[in-house]
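Visitor: Just passing along the structure, written as structure tokens.
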Amino acid sequence: MVTIDDFASPVRPTWCTGCGNFAIWNAVKRALAKVGLAPHQVMLVSGIGCGSKLPDYTRANGYMTLHGRTVPVATGVRLANHGLRVICTHGDGDAYAEGLGHMLHAARRNIGLVDIIQDNRIYGLTKGQYSPTSERGQKTKTSPWGAFELPVNPIALALAAGATFVARAWSGDLSHLTEVIVQALGHRGYALIDVFQPCVTFNRSYAYEFYRPRVYKLQDDPNYDVTDKMAAFERALEWGDRIPIGVFYQVEDRPSYEEQVPTFKAGPLVRRPLEKLRPEQVRRLLEEVL
Amino acid sequence: MVTIDDFASPVRPTWCTGCGNFAIWNAVKRALAKVGLAPHQVMLVSGIGCGSKLPDYTRANGYMTLHGRTVPVATGVRLANHGLRVICTHGDGDAYAEGLGHMLHAARRNIGLVDIIQDNRIYGLTKGQYSPTSERGQKTKTSPWGAFELPVNPIALALAAGATFVARAWSGDLSHLTEVIVQALGHRGYALIDVFQPCVTFNRSYAYEFYRPRVYKLQDDPNYDVTDKMAAFERALEWGDRIPIGVFYQVEDRPSYEEQVPTFKAGPLVRRPLEKLRPEQVRRLLEEVL
Amino acid sequence: MQPTEELTIRIGGEAGMGLESSGVGFSKALVRGGLHVFGLPDYHSRIRGGHNFFSVRIARRPLYTHTEPVHLLLALDQETVRRHIGAVVPGGAVVYDEKDGLPEIPRRPDVGYFSIPLSQLAQEKGGNAIMRNTLIFAVAAGLIGFDPTYIEGVARDNFARKGQAVVDANLRVIQAGVEAARPFLADFPFRMEAVPNAPLRLLLNGNQAFAMGALAGGCRFVSGYPMTPGSPVLEWMAGHAEEYGAVTIQVEDEIAALCMAIGAGYAGVRAMAPTSGGGFSLMVEAMGLAGMTEVPVVVYEAQRPGPSTGLATRTEQGDLLFVLHASQGEFPRIILAPGTVEQSFEAGGRAFNFADRYQTPVLVLSDHYLANAVRDIAPQDLDFDAVVIDRGETLTDAELDALEGEYKRHRFTESGISPRAIPGHPKAIYASSSDEHDEYGHIEEDAENRRRMQEKRMRKLETARAEMRLPTRYGAEDADLTLIAWGSTYGPLREAVDRLNAQGRRARMLHFTDIWPVPKGVEEMLVGETVAVENNYSGQFADLLRMATGHTVSRRILKWDGRPLSPEYILHNVKSKT
Amino acid sequence: MQPTEELTIRIGGEAGMGLESSGVGFSKALVRGGLHVFGLPDYHSRIRGGHNFFSVRIARRPLYTHTEPVHLLLALDQETVRRHIGAVVPGGAVVYDEKDGLPEIPRRPDVGYFSIPLSQLAQEKGGNAIMRNTLIFAVAAGLIGFDPTYIEGVARDNFARKGQAVVDANLRVIQAGVEAARPFLADFPFRMEAVPNAPLRLLLNGNQAFAMGALAGGCRFVSGYPMTPGSPVLEWMAGHAEEYGAVTIQVEDEIAALCMAIGAGYAGVRAMAPTSGGGFSLMVEAMGLAGMTEVPVVVYEAQRPGPSTGLATRTEQGDLLFVLHASQGEFPRIILAPGTVEQSFEAGGRAFNFADRYQTPVLVLSDHYLANAVRDIAPQDLDFDAVVIDRGETLTDAELDALEGEYKRHRFTESGISPRAIPGHPKAIYASSSDEHDEYGHIEEDAENRRRMQEKRMRKLETARAEMRLPTRYGAEDADLTLIAWGSTYGPLREAVDRLNAQGRRARMLHFTDIWPVPKGVEEMLVGETVAVENNYSGQFADLLRMATGHTVSRRILKWDGRPLSPEYILHNVKSKT
Ligand SMILES: Cc1ncc(C[n+]2csc(CCOP(=O)(O)OP(=O)(O)O)c2C)c(N)n1
Ligand SMILES: Cc1ncc(C[n+]2csc(CCOP(=O)(O)OP(=O)(O)O)c2C)c(N)n1
Ligand code: SF4
Ligand code: SF4
Ligand SMILES: [Mg+2]
Ligand SMILES: [Mg+2]
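Written out as structure tokens, the structure is:
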């Protein structure tokens, strides 16, 4: 049986005390243990940022890539070996600034990734510039006048891009966060989980005290239909005193990208023997240019 | 008075006979003449692709930039000189593949651009590969099995990104297209116009005959409220026998990026005299490091 | 009339007239008829209009290059005559459409002007004036005395899937063309008859050869974004993926293309991203990721003239120093630049072995000229048998099962190569990082670790250097003039050397396919008068040689107008200054 | 006790302890007290934990570099003692927190160990143990005999906006520190007293100096994406934009950053994109756009060790050949690499003039060392008066009004420079294209046009070459040993040369700030034994010199552990092999 101790790495986190990344880290390990995925059966792919160091602190296959390129690298891993459960963990800058296009293309591809965004609504590792999810008006080193831009709405964008699983969770509720990840691990295609992750050092206005009184769980409403896209859009636009968390949208009727690739019928690409072309294969190739 | 002849360039279009770009080209010139913007008061910024050659065929300030980078270059032009009306004209590959992230960030910035997408749902200039708006299942040189991806829904994405003007038109109705461009030219912030542009050479399944029986005008419905975002989302998802065109969404209550930049209160940046720092300015700078 | 040594037929017209496909079809017929060809397209970056042409050089001996003189000009418009009449040799001829007439320029007395009602005949016999191109090539066959049954055979093959009616129309058009040539036979002195029962030969271009080589060499993952002239490799692979157990994906941009290929390479599949210089510009950051995390990956970069968008459908060798230094910091990379169709095929296989053996990015540099020019070669010249799939120090499942202790993905070794585990085995769980890291892969900033890790990575370059190939020598053994070529200029230079030697000048060519790391022992080969011949403005390979070896070439023959080097251009420049 | 020539104080602890800001504050106090300083931060790429330190070298004469020996080690944790005790000179001392105690390693008999209840005192006097860093610097001031009123002054300035209570707490802590030093005075032999009434001097680092120079030089548009060590320039500009009539924008990625700067440049505003190597990797394609469309734009690239993410907060000179060749095809670019704070300021102004004069991208290469090390200079050394804003051949409104005929944006000229109209004037309406184009800017594929247009663009490089500065010579006039430096290594090399000459070795330094095009006449300066000294693995500048001039340096002294070169390292290597 897989336990959360299986994921213990010799490297200790360097996150600030109180950082919301601890909960995300724990939730990922718990969720994996819960669904019974062992360290060698998963790959944690990240970018660059505070949160993106997560794979270094976790005993599992991992790859810490480039800032903003988490999703395409993870897609390559998944296409080469769809026997691996590929999980992305990266920051809001990584995912929604440099990486926004990649995420939306991944969503329309419906590639089988669980994409967890450590959304502290600030640039942590580079010490406190505003991020795409920072509030309009937020003052930082690079927005001394208060940001002019509307924040990115990842939920609405993922829905608009055709994502088949769209969720939000937060670091203040470990068991709910774990549950959402477990649910995403059961999804066949692309699953976005935007996680409110308090950064206690550079974004104190959006710390635990901000979120705790505001968040409510969509799944607490028995009438909420996760397959209703318009309902999901409506909740995606909800912001202010009440902020919904949980699964906004989930449908299982669209095949994942991997399920559609004919070559994959024979199993993961990496598992197929790599051999020289057979004589009849060579012959067919030569005939094309005769 | 500005007339459409003012925009006559010595260079003749190299588009295929019947290409939907001719209508877009004519509509842009008509719309400019209609609102009375002379060639030196506008800048046409494009990328690379069949459609992106439009500025070469038009006498007006122009800049044919890189494939996919139309919007950031145009944003730079606009920030340097918001006295110029900046219009982007570029293909669906340019805008929604390489450029998707830029477009959505431009939308949340609400930068004052009219962004016209020549959406032929194919890669024209590179001779017929599928594009982000190609239908799922479409067979091309690079998708011989039929594309696996859901097409990009530019209308829904722009709405989700917070765009303040979102419209669709098509090459088969020049006067409606012109009208929509005129309306966009009157908008204070970012305006997206996705134009169905038949490519008669590489995408014959989506030619005039495809669109003509399907398109209907949103503005024909007197009850349609362009300031109702949920209604816009609903129409954005409409696809099949009936395809809406016209303005999906327009609000004027959010200031454009330019309107918020304090420096711009003194007029366009490029018009401000460029002089050496004054002694008291130097003094203040030195005091900071004393 | 006696057979001609060689001749060049050029067809000209507008984009959209199908010049390239009919030109390649005609070339194929010639090859099936036992002749040797070199076919070169020349077209604009637009879908309609503009002036395009396709030249096919034909001979009874193998050809490696195009040349400048034209013997027969097939004009599908007046513009063709206007532009190319100067290139026609005395005694040569122009075939034009009666309907088009001739441009109002002086007629050359030494050239034949053959008016044929091309449109009318195509319409009459084929039912469509667009078939003029088939017709005019049939006229050409008639004029040179080439047996039209080979053309008919190609038409049958090409149009079979469109149905018998289309095939028949083509056959009628071909026959009409041959007949239309008859009245002019006496006025056209050049003949090139088919060689019956000649052994089968292939006709292909550099892109196709490279793609086949890559597939044979074990490439199973291709991620790309369309860009001339590199994207045909993506398209070829897409067309063969299902049958050969590979996967291709067209992605949102070139950043994603290389990142995905790296992800696939990391996960253990031989992966590649084909592109051109502009697309490669977007891959630069990911190059460093592969270098730092020691991931095998191949980039195929088919150059075109820059800077920026430049001339999308023209040729240049302008990206050498760029790809050599692309990405921040220092890391090993291997660069190959095939010069021929055969070498393109071979580079396909070699690239993936290098990538796996050195666990670092490998670049194959081609260009529009090599990528698109078609040449005939013997089937055995695509040496599938010689292809070896060598995964280097990749650990097998058995080796992994036997692993003891914590696996060190980036172990310090003398060769710089650390035995690699494909992720997924319970005994070798690791995470690599684009940050500097320790032997396990964990992020580590220590100065000593950094020093050693950087040395380890860079040592791979020295290990690789020993197996890089020295340049091919071609020409006089006792040459006092050495022409230095790299990549696609092999053909024009080879012929220039032949001609120089025929004229009594003791010249040779040194042709490099293995560019970086510079092979051991190059210095000793750079003796006498050395002339770098390159298809770029500054002589980048000469710069590279100077940087790497200290050798300063005697001079440089360069060309930067977006058109390929020809033997004539080289000879003219060799002579004008020697 | 007699005054010391110079001394270095190093404070060490974890990230989050505020070492850098308190270190810079202490340095500022020293400068106000008439002393010269060189302050060097050393920190990890993480927000908490890890081992960070800050060293300040202090003297009565101007300093250009840090050095290795430490006189006083201020330890905020045991790790600091463990790591740095070896660097402490005989007679030096360690100050540590009684609460922390000392690590279990042998005590050095030649070093003083001063235990002070830092946490307790900070808590008692300041109300917060975090104020240990202020306290320990006050102890240091006490030990070296430096008048604490200067430290108090800085504390007043820094904390004024936080209110009087905070200021008072700081003042109490400072006083407590000075008192706590007293019992150890007899055991600490080094003194560095304030020089009363010394002229005012500035304290700043390379980033600040460059940003000020750029602003003074007319930069009015900055688009950037955060990246260490380049982003402080974006932040500095953002903080000054409103007051100085500039605009800054944080964008979605570095592609957009340079594209926007190019858009702004095209529209006529002096624009810049600051970044580091990784961000520059994403700007590569846009570099070519600027080159092809002849748009003035400036890129500030502060290097850090690669490849890839590498060591985000460390230093290296590893990107030289990369930035030199970045982007497909060939086009002119200008590269400057300032070596000091003063030169960084100057480069700010020069870069924008070059950009406008040559209508092409200009790169300023800095690195983490130069960008972050603080040094004191005289106010007149930031020579605002000398700044000239020269827009080159930019047409004025009057000139535009007088234009006749269709305006040719890319006119063929002898210098390669085409007089430029800022878009918006009715007499000069044009569209430039990243495709090859004619003089008007229209897309044009003609071979002859291409040849001439490429020559025109490349000619700008030759025009520019004439005004590039030769390297600074420093040291013995009759030197037989020439140490070659570029960029940030100015300081360490200068001091190495001083010491060599003091030891009787006739050495000099050639320091390059103007890297590309290589200035005219460099060849003649490369005589005798030449040693390239670089902070990278391969000696990129030596490679560049060989490529450009044919000169092969006698040898290379290199360092690639992510830490800066020191005079000691250079001297050791000069001697070990000479
Ligand atoms: C191409 C590139 N640009 C910039 C950086 C610098 N950088 C590193 S982390 C980071 C932002 C971090 O913000 P986020 O992604 O939100 O992660 P967080 O640190 O907040 O977890 C940036 C800009 C980089 N490494 N690469
Ligand atoms: C970075 C880069 N990648 C690829 C290309 C090649 N390219 C030129 S146009 C084009 C696609 C054109 O499609 P679209 O943008 O839809 O324009 P269209 O031709 O259909 O109008 C591509 C891929 C390029 N010029 N630059
Ligand atoms: S800076 Fe913020 S995001 Fe980074 S570790 Fe600290 S609390 Fe977490
Ligand atoms: S290829 Fe298509 S998009 Fe391009 S010009 Fe022709 S019809 Fe228009
Ligand atoms: Mg963040
Ligand atoms: Mg298109």
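Keeping their order, the protein sequence lines are chains A, B, C and D.
First residue of the first sequence? That's 1 in the working numbering, and the numbers climb one at a time after it.
First residue of the second sequence? That's 1001 in the working numbering, and the numbers climb one at a time after it.
First residue of the third sequence? That's 2001 in the working numbering, and the numbers climb one at a time after it.
First residue of the fourth sequence? That's 3001 in the working numbering, and the numbers climb one at a time after it.
Glycine is no exception: its CB is placed at the ideal position from the N, C-alpha and C atoms.
Considering only residues of the region 1226-1269 of chain B, which uninterrupted beta strand (DSSP E) runs meet the minimum length of 3 residues and lie entirely inside it, listed in chain order?
Guide: Fully enclosed beta strand (DSSP E) runs of 3 or longer: 1243-1250.
Visitor: Between which two residues does the beta strand (DSSP E) carrying residue 3377(D) extend?
Guide: Here the beta strand (DSSP E) through residue 3377(D) covers 3374-3377.
Visitor: Beta carbon of residue 122(A): closer than 7 Å to some heavy atom of ligand 8?
Guide: Ligand 8 is not among the ligands present in this structure, which contains only ligand 1, ligand 2, ligand 3, ligand 4, ligand 5 and ligand 6.
Visitor: Where residue 3308(D) and residue 40(A) are concerned, what is the direct C-alpha to C-alpha distance, given to the nearest angstrom?
Guide: Answer to the nearest angstrom: the Cα atoms are 26 Å apart.
Visitor: Along chain G, in chain order, which residues have C-beta atoms closer than 8 Å to that of residue 263(A)?
Guide: Chain labels in this structure do not include chain G; the protein chains are A, B, C and D.
Visitor: Kindly identify the DSSP beta-bridge partner or partners of residue 2227(C).
Guide: According to DSSP, residue 2227(C) bridges with nothing at all.
Visitor: Just to confirm the assignment, what range does the alpha helix (DSSP H) spanning residue 52(A) have?
Guide: From DSSP, residue 52(A) is part of no alpha helix (DSSP H); its letter is neither H nor E.
Visitor: Does the Cβ of residue 2306(C) lie closer than 7 Å to at least one heavy atom of ligand 5?
Guide: Incorrect: residue 2306(C) has no Cβ contact closer than 7 Å to ligand 5.
Visitor: Please list the residues of the region 54-76 of chain A that have a C-beta atom closer than 7 Å to any C-beta atom in chain C, keeping them in chain order.
Guide: Within the region 54-76 of chain A, the residues whose Cβ lies closer than 7 Å to some Cβ of chain C are 55, 56, 59, 60, 61, 62, 63, 64, 65, 66, 69, 72, 73, 74, 75, 76, listed in chain order.
Visitor: My guess is that residue 3304(D) and residue 3277(D) are in contact by the Cβ rule of under 8 Å, so how many angstroms apart are they, rounded?
Guide: About 6 Å separates the two Cβ atoms, so the contact holds.
Visitor: Given a threshold of 16 other Cβ atoms within 10 Å of its Cβ, counted over all protein chains shown, does residue 223(A) qualify as buried or as exposed?
Guide: By the 10 Å Cβ count, residue 223(A) comes out exposed.
Visitor: Under DSSP, the beta strand (DSSP E) around residue 3055(D) begins and ends at which residues?
Guide: Residues 3049-3059.
Visitor: Just curious, the beta strand (DSSP E) that residue 2529(C) is in, first and last residue?
Guide: Taken as a continuous stretch (DSSP letters only), the beta strand (DSSP E) holding residue 2529(C) covers 2529-2534.
Visitor: Which class does residue 3045(D) belong to by DSSP, given the choice of helix, strand or coil?
Guide: In this structure, residue 3045(D) counts as coil in the three-state DSSP scheme.
Visitor: Return the residues of the region 3429-3446 of chain D that lie within a Cβ-Cβ distance of less than 7 Å from chain C, sorted by chain order.
Guide: Here the close residues are 3434, 3435, 3436, 3445.
Visitor: Can you tell me the Cα-Cα spacing of residue 3403(D) and residue 1043(B), whole angstroms?
Guide: Near 20 Å, if we compare the C-alpha coordinates of residue 1043(B) and residue 3403(D).
Visitor: Would you give the residue range spanned by the beta strand (DSSP E) that residue 2276(C) belongs to?
Guide: Looking at the DSSP string, the run of the beta strand (DSSP E) that includes residue 2276(C) is 2271-2276.
Visitor: Give a yes or no on whether the minimum CB-CB distance between residue 2227(C) and chain B is below 8 Å.
Guide: So, interface residue.
Visitor: Report yes if the CB atom of residue 2489(C) is closer than 8 Å to the CB atom of residue 2565(C), and no otherwise.
Guide: The answer is yes: Cβ separation under 8 Å.
Visitor: I want to check one thing, is the minimum distance from the CB of residue 1201(B) to the heavy atoms of ligand 4 below 7 Å?
Guide: True, at least one ligand heavy atom lies under 7 Å from that Cβ.
Visitor: Measuring straight from C-alpha to C-alpha, what distance separates residue 2485(C) and residue 2509(C)?
Guide: Looking at the two C-alpha atoms, the distance is approximately 7 Å.
Visitor: Is it right to say residue 295(A) is buried, meaning 16 or more other beta carbons lie within 10 angstroms of its own, or is it exposed?
Guide: Because chain A is modelled from 1 through 290, residue 295(A) falls outside the range shown and cannot be assessed.
Visitor: List the whole-angstrom C-beta distance separating residue 1269(B) from residue 1079(B), where the pair is believed to meet the contact cut-off of C-beta under 8 Å.
Guide: Indeed, because the Cβ distance is near 7 Å, the residues count as touching under 8 Å.
Visitor: Compute the Euclidean distance between the alpha carbons of residue 113(A) and residue 87(A), then round it to the nearest angstrom.
Guide: Approximately 6 Å between the Cα atoms of the pair.
Visitor: For residue 2359(C), return the contacting residues in chain B, with the cut-off set at a CB-CB distance below 9 Å.
Guide: Within chain B, no residue comes near residue 2359(C); the closest Cβ sits about 29 Å away, beyond 9 Å.
Visitor: Mind checking which residues open and close the beta strand (DSSP E) that includes residue 25(A)?
Guide: Element bounds for residue 25(A): not the beta strand (DSSP E) but the alpha helix (DSSP H), 21-35.
Visitor: So for residue 3459(D), helix, strand or coil by DSSP?
Guide: Reduced to three states, the DSSP call for residue 3459(D) is helix.
Visitor: Taking only the alpha-carbon atoms, compute the straight-line gap between residue 2462(C) and residue 2520(C) and give it to the nearest angstrom.
Guide: Roughly 10 Å between the two C-alpha positions.
Visitor: Rounded to a whole number of angstroms, what is the C-alpha to C-alpha distance between residue 3478(D) and residue 3506(D)?
Guide: Roughly 7 Å separates the two Cα atoms.
Visitor: Is there a Cβ from chain D that is less than 8 Å from the Cβ of residue 2285(C)?
Guide: Yes, because at least one Cβ of chain D sits closer than 8 Å to the Cβ of residue 2285(C).
Visitor: For residue 3253(D) versus residue 68(A), is the C-beta distance shorter than 8 Å?
Guide: Taking 8 Å as the Cβ cut-off, residue 3253(D) and residue 68(A) qualify as a contacting pair.
Visitor: Any heavy atom of ligand 5 within a distance shorter than 7 Å of the CB on residue 131(A)?
Guide: Yes, the beta carbon of residue 131(A) sits closer than 7 Å to at least one heavy atom of ligand 5.
Visitor: Which residue's Cα is closest to the Cα of residue 2495(C): 2568(C), 2140(C), 2069(C)?
Guide: Nearest of 2568(C), 2140(C), 2069(C) to residue 2495(C), Cα basis: 2568(C).
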